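Just so we're aligned, residue 2 is where the first sequence starts under this note's numbering, counting upward by one.
Below you'll find the structure, written out as structure tokens, and then a few comments.
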Amino acid sequence: MSIVDKIFDEVLNRKSIFKNRRVLSIDYVPETLPHREKEIEKLAKILATALKGGKPSNVFEYGKTGTGKTAVILYVLNKLIQKAKKYNLHFAAAYVNTRMYNTPYKVLYKTATELGIKVPRTGLAVADIFEKVLRRIDMLESFVVIVLDEIDYLVKKKEGNDILYRLTRINNELENSQVSVIGITNDLRFKEFLDARVLSSLSEESIVFEPYTVEQLYDILKQRAELAFIDGAIDDSTLRLIAALSARESGDARKAIDLLRIAGEIAEREGAEKITEQHVRMAYEEVERDIIKAAIKSLPHQEKLVLLAIALLFTKSKKVTTGVVKKMYEKLCEITGTPPVTLRRMNDFINDLETLGLVSCQIVSFGRYGRTKVISLEIPSQTVFLVLTEADPLLAEILKDWSPFKFDT
DNA sequence: CATCCACAGGAAGATCTGGTAG
DNA sequence: CTACCAGATCTTCCTGTGGATG
């Protein structure tokens with residue numbers, strides 16, 4: 002038997018430490034949500050009005066990422082759907098994540114699709130599609146809940162407020178159906194962007210989600226680990242480590258569960274019978290690395306060039322300003338045969354890179370010598386070179402025989 | 001202490017893609 | 001086929017500004 006056969010056989014015969022991998026996936030909603038009983042109760046009470054045919058309020062949920070906002074909504078909606086079925090009530094729900102559906106048209110499109118209404122993906126005027134969706138919703142003769150998750154992505158654009166305004170007041174235009182809008186945001190300063198009229202109608206009821214504490218994270222992890230792994234695959238102390246690592250950063254339950262899953266995958270790959278603290282630490286680093294890699298790889302070509310320009314400059318000097326980035330960027334454009342964008346646009350790219358956490362910027366005034374952004378690379382420049390070499394054959398060619406002197410200006 | 005550098009970043013609009021409707 | 005639509009992307013034009021320097 003060849004060595005390859007051996008490896009395959011070994012892997013296939015090995016008993017997996019996973020019992021049920023699915024419970025660690027992002028969109029799994031567990032049977033119970035520990036430490037969210039109060040929030041669930043509140044939301045349930047609000048929506049319960051619907052069971053009696055009344056019009057429930059619009060709801061506004063806010064709290065940081067990974068505090069269970071989405072999970073609570075989905076949990077309550079699932080229960081509501083079950084109840085509605087049992088009592089033969091008309092009820093429909095649409096879940097729209099406005100990070101992905103971040104324009105008025107897309108929001109309407111997704112809402113319609115979720116409600117089983119067929120509309121074209123593009124091509125129509127927003128007013129037309131709104132009209133169409135409105136009529137179809139009325140025809141449903143139902144109580145309809147529209148959940149707008151990560152609503153801040155919609156509101157930060159000017160047109161976003163308009164569509165929200167119309168959605169939150171849609172009931173005035175309906176005769177046979179009732180609509181409740183639930184907005185979810187993790188941006189706590191988000192209210193500033195929101196049109197006052199929308200704010201008042203959306204926050205008829207609001208529910209605040211506090212970050213989980215270490216103990217709470219531990220409980221959540223414990224619950225998931227019991228479902229996900231076979232007995233004895235993970236110790237309490239290891240779970241506590243994951244909880245501590247996650248709580249230290251953010252109290253983000255999603256990240257904690259991610260960490261648990263990846264630690265499990267690493268342990269499995271190694272053929273270990275148990276997830277150790279070592280696996281957790283490896284997972285922790287892997288998560289960080291992967292986020293960075295993925296971020297760089299998914300950058301548009303132009304932004305890659307800007308990032309590369311910054312990385313190249315940063316190897317030589319820690320004082321990288323917009324002006325020098327522009328020069329280096331233009332040089333790279335010339336080499337790669339890319340038409341360069343204007344300074345204004347490049348500045349947007351740099352801000353983008355900052356949002357992604359790849360660089361950080363500070364506006365500094367040098368008095369007589371102007372006022373500009375000082376940009377620093379937040380990740381090792383070698384990482385940038387490496388990932389770009391992998392991701393882009395053209396850039397790989399340039400970086401192949403790269404030496405710091407080649408790019409001297 | 002006014003000046004002026006080297007930009008930041010808002011507003012508006014041009015261009016282009018990918019679509020519908022009749 | 002033409003007329004039209006939304007939205008991404010980018011440009012053009014613009015006003016605003018912290019502080020070293022003359």
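Even glycine gets a Cβ: it sits at the ideal position worked out from N, Cα and C.
Since the structure is predicted, the reported quantities are computational estimates derived from the model, not experimental observations.
- Classified as buried, phenylalanine 191 has 16 or more neighbouring CB atoms from the shown chains inside 10 Å of its CB.
- Within the segment 337-363, no beta strand (DSSP E) run of at least 3 residues lies entirely inside it.
- Proximity of the segment 73-93 to the segment 257-267 falls short of the contact definition, fewer than three beta-carbon pairs being nearer than 8 Å.
- Between leucine 246 and leucine 228, the C-beta spacing is not below 9 Å.
- Rounded to the nearest angstrom, the Cβ distance from proline 105 to glycine 161 is 7 Å, consistent with a contact under 8 Å.
- Between the segment 194-204 and the segment 161-170, the count of Cβ pairs shorter than 8 Å is three or higher; the stretches touch.
- The beta carbons of valine 209 and glutamate 355 sit no closer together than 9 Å.
- A contact is defined here as three or more CB-CB pairs under 8 Å, and the segment 374-384 meets this definition with respect to the segment 303-314.
- Among the bridge pairs identified by DSSP, lysine 374 is matched with Ile364.
- Under DSSP, asparagine 98 shares a beta bridge with Asp150.
- Of the residues assessed, arginine 100 falls on the exposed side of the cut-off, its CB having fewer than 16 other CB atoms within 10 angstroms.
- Rounded to whole angstroms, the separation of the alpha carbons of asparagine 103 and threonine 214 is 32 Å.
- In this structure, isoleucine 41 keeps its C-beta atom at 9 Å or more from the C-beta atom of isoleucine 185.
- One thing to note: leucine 240 has its Cβ within 9 Å of the Cβ of tyrosine 219.
- Beta-bridge pairing by DSSP links valine 182 to Ile147.
- DSSP, reduced to helix, strand and coil, places alanine 234 outside both helices and strands of the structure shown, so it counts as coil.
- Between asparagine 172 and glycine 64, the alpha-carbon positions lie close to 27 Å from each other.
- In this chain, serine 202 is not harboured by any beta strand (DSSP E); it is covered by the alpha helix (DSSP H) spanning 197-203.
- With the rule of 3 Cβ pairs closer than 8 Å, the segment 342-360 counts as touching the segment 292-309.
- Classified as buried, serine 143 has 16 or more neighbouring CB atoms from the shown chains inside 10 Å of its CB.
- Contact check for leucine 116 against arginine 137 passes: the beta carbons are separated by less than 9 Å.
- With distances taken between CA atoms, isoleucine 8 lies nearest to Glu271 out of Ile130, Arg369, Glu271, Lys119.
- Your pair leucine 141 and serine 178 checks out as a contact, with CB atoms roughly 6 Å apart and the cut at 8 Å.
- Burial check for arginine 23: the Cβ neighbour count within 10 Å stays below 16, so the residue is exposed.
- Uninterrupted alpha helix (DSSP H) stretches at least 4 residues long and entirely within the segment 14-92 occur at 38-52, 70-87, given in chain order.
- Short of 8 Å from the beta carbon of valine 30, and not among the five residues preceding or following it, lie these beta carbons of its own chain, in chain order: Ala72, Leu75, Tyr76, Asn79.
- Contact check for alanine 51 against serine 201 fails: the beta carbons are separated by 9 Å or more.
- Membership of isoleucine 171 in any beta strand (DSSP E) is not indicated, and neither H nor E is assigned to it by DSSP.
- Here the alpha carbon of alanine 94 sits roughly 37 Å from the alpha carbon of glutamate 287.
- Secondary structure at serine 207: strand, using DSSP grouped into helix, strand and coil.
- Straight-line measurement puts the Cα of arginine 37 at about 27 Å from the Cα of valine 156.
- With a threshold of 16 other beta carbon atoms within 10 Å, phenylalanine 367 falls short and is exposed.
- Here glutamate 205 has Ser58, Asn59 as same chain residues with Cβ atoms under 7 Å from its own Cβ, once five neighbours each way along the sequence are excluded.
- The three-state reading of DSSP puts threonine 323 in helix, counting H, G and I together.
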